[in-house]
Amino acid sequence: MFPDYGSAFADDAVMREGPLGVSSSRRKSRKAHFTAPSSVRRKIMTAPLCKELRKKFNVRSLPIRKDDEVMIVRGRFHDREGKVIQVYRKKFVVHIERITRDKPNGESTPIGIHPSKVVITKPKLNKDRKALLERKSKAANKGKYTEKDVAQVD
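Residue numbers (UniProt numbering): 1 to 154.
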């Protein structure tokens, strides 16, 4: 029914589909991204922390959430700061206070900004978020040696 394209394509398909079902196919990656459930989109929608917070918590980025204070670092609104008023997971954007557009009828509507284009300057910390920071920090330090450890070996 279908033409035989030879073993080159068959090998390619086997190679792309690894033991864990991970594919390097652009089509499959895009489908997985755009049909991802909300729980996965949360992880996709992470924003880097500012340099001071990165040093303080030893964590590079966090999933963005409502009430985080952020600074936009790319695009038309760069260098503007504000609080996240909505995380719109369906569209992969966040809405930030005072970043709006006036519609023809005079109404103002928020403009969506992708989380990778902002840095978190003041995260909203609750006990779960603190536990997450602690866990990520511990994982970042795992396997790293301090000067004290090196001195003990010598």
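Think of the CB as a built atom: it goes at the ideal place given N, C-alpha and C, for glycine as much as any other residue.
Buried/exposed call for residue i, threshold 16 Cβ in 10 Å
i             : result
isoleucine 96 : buried
valine 87     : buried
alanine 10    : At alanine 10, the pLDDT of 49 sits below 50, so the modelled position is not reliable; the number obtained from the coordinates is stated separately. Looking at its Cβ environment, which holds fewer than 16 other Cβ atoms inside 10 Å, alanine 10 is exposed.
alanine 47    : buried
threonine 146 : exposed
proline 37    : exposed
residue 217   : Nothing in the structure corresponds to residue 217, since the chain is present only between 1 and 154.
Sub-7 Å separation of residue i and residue j beta-carbons
i             : j                : result
valine 70     : isoleucine 120   : yes
arginine 89   : arginine 41      : yes
glutamate 66  : valine 84        : Correcting the residue identity first, residue 66 is lysine in this sequence and not glutamate. Against a cut-off of 7 Å, the Cβ pair of valine 84 and lysine 66 comes out as a contact.
leucine 133   : phenylalanine 57 : yes
lysine 91     : glycine 112      : yes
aspartate 68  : lysine 124       : yes
threonine 109 : arginine 98      : no
Near the ligand MN: residue i beta-carbon under 6 Å from a heavy atom
i             : result
glutamate 107 : Ligands displayed in this structure: none; no statement on the ligand MN is therefore possible.
Nearest neighbour of residue i, chosen from the options [CA to CA]
i           : options                         : result
lysine 43   : Asn126, Ser24 and Ile64         : Ile64
alanine 140 : Leu125, Ser61 and Asp149        : Ser61
arginine 76 : His114, Met45, Ser25 and Asn126 : His114
Report task. Mind listing, in chain order, the continuous alpha helix (DSSP H) runs of no fewer than 4 residues lying wholly within the region 35-97? Result -> Annotation: the region 35-97 contains the following complete segments of the alpha helix (DSSP H) (minimum length 4 residues), in chain order: 38-44 and 51-57.
Requested in this report: Evaluate the contact criterion for the region 38-54 versus the region 109-119: three or more CB pairs, one atom per stretch, below 8 Å.
Outcome: Yes: at least three Cβ pairs fall under 8 Å.
Query - Runs of beta strand (DSSP E) lying entirely within the region 102-127, each at least 3 residues, in chain order - result: Here the runs fully enclosed are 108-113 and 118-122.
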